[in-house]
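Taking it in order: structure first as structure tokens, then the write-up.
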Amino acid sequence: TAPSNRHGKRHGKKSKYRCSKKALHVNFKELGWDDWIIAPLGYEAYHCEGVCDFPLRSHLEPTNHAIIQTLMNSMDPNSTPPSCCVPTKLSPISILFTDSGNNVVYKQYEEMVVEQCGCR
Amino acid sequence: FQSAAIISPTAPKRNRETRISHPYGQRSSKLFKDIIASSHLAAGHHKEEVSKETVVPHEYMLSIYRTYSAAEKLGLNASFFRSSKSANTITSFVDKGTDNLLHSPLRRQKYLFDVSTLSEKEELVGAELRIFRKALGGPQSAGPVHIQLYPCRSDTLLDSRSLDPLDSTKAGWEVLDVWDAFHAQHQQRSQLCFQLRATLGKSDAEVDLRRLGLDRSGRGQQEKAILVVYTRSKKRENLFNEMKEKIKSRRSAEEKPTKEGKGEKPRRRRR
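Note that the protein sequences, when read in sequence, are chains A and B.
Position one of the first sequence corresponds to residue 447 (this note's numbering), numbered consecutively onward.
Position one of the second sequence corresponds to residue 42 (this note's numbering), numbered consecutively onward.
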């Protein structure tokens, strides 16, 4: 168990790094994609980071397999790795770009923004 | 992981670090390597040589982008909009046709579009031709004028519009449905050609298109006609498709010999 802090709550290092959504700003110019993407110049993509440790919180919407894997990991960390903190819900963004024929194209790309992270 | 890029000594250090420490290692596919290399090429000085051609997006496409991305931020799916025809991709092609100045009056106009980049894998859900009509001083005809659009090699009417004589006093866009043209030329649709004519009233007398503000002389990029094609991906699309096409076009641009050839040697690639 993690040591209690002065408020009497367990506030271990692990809870701080529990699987959650973190900021990830994508700048298309830095990627060198600004020669074909007209708009947007960048967007907030987010990413998932943190550990999926026992007990898994319900908001992480673990699969049954993730629950089993997490349980196995908690019993013997050497036998099984913890389940993975990954995007479980993503949303699209609109991109205006030029195609290989220099035609201007609007396209809605699916799964570009992390809406929710979970353990899988 | 070995990149095909020649990293400029002046390129930002960050890029070089990314190249070296990329986690995908040897398992990454060739395409992925190409994309990474392409990104680094673009980030370096090589980009200036490749992407000299600047594309000016048409105001209509910018407005599509603005509208749908704003809707997206409100949690609405752009493909539900009636104007989008449930498409998730909207491609614009700029007219490459020119008016024959020897023909006076201008009875017919040909609108040409290179649609070779349209993917066969995408389902076509709509297509429209948007033609800009310039404002003229006053009414140019006594009665209503009918504009008609045909494929260049067929007499099948694609779409028509009636123009009120007063319409000629103000500028505007005429939107004609050309979806049927795609069905007709389904087998070989690398080039699309449309022919426009206008008749006075119910007669067959053709009207000079200049009198309707349709002549193409002295037009800016924003006033050129565009073919707008609405498609829907049959399967989930990802950015790799676009990158793959970009890489291909970059390569073909690199492989083209320089016309002048003033002692310029082709850029060497390190593998």
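Note that CB positions come from ideal geometry on N, CA and C, so glycine has one too.
{"Query": "Taking the beta strand (DSSP E) that HIS187 (chain B) belongs to, which residues open and close that run?", "Result": "186-192"}
{"Query": "Does THR534 (chain A) have its Cβ less than 9 Å from a Cβ in chain B?", "Result": "no"}
{"Query": "Checking contacts by CB at 9 Å: is LYS289 (chain B) closer than that to chain A?", "Result": "yes"}
{"Query": "Could you name each continuous beta strand (DSSP E) segment of 3 residues or more that falls completely within the stretch 490-520 of chain A, going from the start of the chain to the end?", "Result": "493-495"}
{"Query": "PRO508 (chain A) to LEU103 (chain B), Cα distance in whole Å?", "Result": "41 Å"}
{"Query": "I want to see whether chain B comes within less than 9 Å of ASN548 (chain A), judged by CB atoms only; does it?", "Result": "yes"}
{"Query": "According to DSSP, is ASP196 (chain B) part of a helix, a strand, or is it coil?", "Result": "coil"}
{"Query": "Determine the direct distance from the alpha carbon of VAL219 (chain B) to that of CYS193 (chain B), and round the result to whole angstroms.", "Result": "12 Å"}
{"Query": "Distance cutoff 9 Å, beta carbons only. Does VAL551 (chain A) sit that close to anything in chain B?", "Result": "yes"}
{"Query": "In angstroms, rounded to a whole number, what distance separates the CA positions of PHE235 (chain B) and LEU153 (chain B)?", "Result": "7 Å"}
{"Query": "Where do the N-terminal and C-terminal ends of the beta strand (DSSP E) with LYS114 (chain B) fall, by residue?", "Result": "Here LYS114 (chain B) belongs to no beta strand (DSSP E); instead the alpha helix (DSSP H) covers 100-114."}
{"Query": "Let me see if you follow: with CB-CB separation under 9 Å, is PHE134 (chain B) close to chain A or not?", "Result": "yes"}
{"Query": "Should LYS535 (chain A) be labelled buried (16 or more other beta-carbon atoms within 10 Å of its own) or exposed?", "Result": "exposed"}
{"Query": "Taking all protein chains shown into account, decide if ASN549 (chain A) is buried (16 or more other Cβ within 10 angstroms of its Cβ) or exposed.", "Result": "buried"}
{"Query": "Using a C-beta cutoff of 9 Å, does PRO146 (chain B) count as contacting chain A?", "Result": "no"}
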